[in-house]
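Asks: I have a structure I would like to understand better, so I am pasting it below and will then ask my questions one at a time.
Numbering (full-length UniProt numbering), first residue to last: 1 to 209.
See below:
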């Protein structure tokens, strides 16, 4: 991995639904800056305060994810489980290698940071994807793919257990608004199948062999 690229941490807060399945917290960013107007999970870039010990990059990113979550929505998660690491494409205006973590939502009311979060909602992954498909919710590929995977979760416990092997998403964009990752035949790292997200039109289409 590129050691010079800034590193960030994102936390996917989950809670069980009484009817089964899970809900996750999405926050809406202001119409400026990174992910302008988009619905994302709480998180941000590692700061010097996060480098408190000899933790590796993933450990430091986890500290950043916890700090950012508390700053942005007023709750402090614990017992994070590493889900994935996202490396943005070269076309991205701001490139931050971001670690995604799962965590059970702690108790407490949300308190939104007015300068960073303009709205928040608890939603099932399927509901969020349906709203995105209808053009009512702006999502970015890392959030979309994460939500897609979580549609299979029957509970918070099962989602945490399934995240036993963190996955690397080194993103590469090909013609037609297609995002490809390792294992796809058109990814620079090589592959023989398909691992891609087609984003040219709604609804987006995720293909993985």
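Beta carbons: idealized from backbone N, C-alpha and C, even for Gly. Remember, it's a predicted structure, so these values are computed and weren't measured experimentally.
Within 8 Å, do at least three Cβ pairs link the segment 106–122 to the segment 8–27?
Replies: yes
Asks: Which term fits residue 84, buried or exposed, when burial requires 16 or more other beta carbons within 10 angstroms of its beta carbon?
Replies: As a working note, residue 84 is residue 84 in the chain shown. The residue in question, residue 84, is buried, as its Cβ has 16 or more Cβ neighbours within 10 Å.
Asks: Only counting the same chain, and skipping five residues up and downstream in sequence, which positions put a Cβ closer than 6 Å to that of residue 141?
Replies: As a working note, residue 141 is residue 141 in the chain shown. Contacts found: 179 and 197.
Asks: On the premise that residue 68 lies in contact with residue 43, defined as a C-beta separation below 8 Å, what is that separation, rounded to the nearest angstrom?
Replies: Residue mapping note: residue 43 aligns to position 43 of the chain shown, counting from 1. Residue mapping note: residue 68 aligns to position 68 of the chain shown, counting from 1. Contact flag correct, Cβ pair sits at about 5 Å.
Asks: Quick check on DSSP: helix, strand or coil for residue 47?
Replies: Within the chain shown, residue 47 is the residue found at index 47, counting from 1. Under the three-state reduction of DSSP output, residue 47 falls in the coil class, being neither helix nor strand.
Asks: Can you name the start and end residues of the alpha helix (DSSP H) that residue 67 belongs to?
Replies: By one-based count along the chain shown, residue 67 stands at place 67. Run containing residue 67: 57–73, per the alpha helix (DSSP H) assignment.
Asks: How many Å lie between residue 49 and residue 193 at the Cα?
Replies: Taking the chain shown and counting its residues from 1, the one referred to as residue 49 is at position 49. Taking the chain shown and counting its residues from 1, the one referred to as residue 193 is at position 193. If you take the alpha carbons of residue 49 and residue 193, they lie about 42 Å apart.
Asks: Check whether the segment 101–119 and the segment 127–144 touch, using three or more Cβ-Cβ pairs below 8 Å as the test.
Replies: no
Asks: Short check: CB of residue 106 to CB of residue 125, under 7 Å?
Replies: Taking the chain shown and counting its residues from 1, one reaches residue 106 at position 106. Taking the chain shown and counting its residues from 1, one reaches residue 125 at position 125. In terms of Cβ geometry, residue 106 and residue 125 do not form a close pair [threshold 7 Å].
Asks: If the criterion is Cβ atoms closer than 7 Å, does the pair residue 199 and residue 98 meet it?
Replies: Your numbering for residue 199 matches position 199 in the chain shown. Your numbering for residue 98 matches position 98 in the chain shown. Not closer than 7 Å, so no.
Asks: Hey, would you say residue 147 sits closer than 7 Å to residue 162, going by beta carbons?
Replies: By one-based count along the chain shown, residue 147 stands at place 147. By one-based count along the chain shown, residue 162 stands at place 162. Not a contact, by the Cβ cut-off of 7 Å.
Asks: Could you tell me which residues DSSP puts in a beta bridge with residue 179?
Replies: As a first step, residue 179 is located in the chain shown; it is residue number 179 there, counting from the start. Partner(s): 173 and 197.
Asks: Quick check on residue 137: buried or exposed, where buried means 16 or more other Cβ atoms within 10 Å of its Cβ?
Replies: Translated into the one-based positions of the chain shown, residue 137 becomes position 137. With 16 or more Cβ atoms within 10 Å of its Cβ, residue 137 is classed as buried.
Asks: What whole-angstrom Cβ distance do residue 195 and residue 183 have, given they're in contact under 8 Å?
Replies: Indexing the chain shown from 1 puts residue 195 at position 195. Indexing the chain shown from 1 puts residue 183 at position 183. Confirmed, Cβ separation roughly 4 Å.
Asks: For residue 61 and residue 40, which I take to be in contact (beta-carbon distance under 8 Å), what is that distance rounded to the nearest angstrom?
Replies: Taking the first residue of the chain shown as 1, we reach residue 61 at position 61. Taking the first residue of the chain shown as 1, we reach residue 40 at position 40. About 16 Å; that fails the 8 Å criterion.
Asks: Quick check on the burial criterion: 16 or more other C-beta atoms within 10 angstroms. Buried or exposed for residue 189?
Replies: Stepping through the chain shown from its first residue, residue 189 is reached at position 189. Residue 189 comes out exposed.
Asks: Straight-line CA distance for residue 157 to residue 15?
Replies: Start at 1 with the first residue of the chain shown, and residue 157 comes out as number 157. Start at 1 with the first residue of the chain shown, and residue 15 comes out as number 15. Cα to Cα, residue 157 sits roughly 10 Å from residue 15.
Asks: Look at the Cβ atom of residue 153, then the Cβ atom of residue 12, and state whether they are nearer than 7 Å.
Replies: Here the question's residue 153 lines up with position 153 in the chain shown. Here the question's residue 12 lines up with position 12 in the chain shown. It is not a contact, given that the beta carbons lie outside the stated cut-off.
Asks: Thinking C-alpha only, which one of 17, 132, 59 and 169 is nearest residue 37?
Replies: The residue given as residue 37 occupies position 37 in the chain shown. For the set 17, 132, 59 and 169, the Cα lying nearest the Cα of residue 37 is the one of 132.
Asks: Under the rule that 16 or more other beta-carbon atoms within 10 Å means buried, what is residue 203, buried or exposed?
Replies: Within the chain shown, numbered from 1, the residue matching residue 203 stands at position 203. Under this definition residue 203 is an exposed residue.
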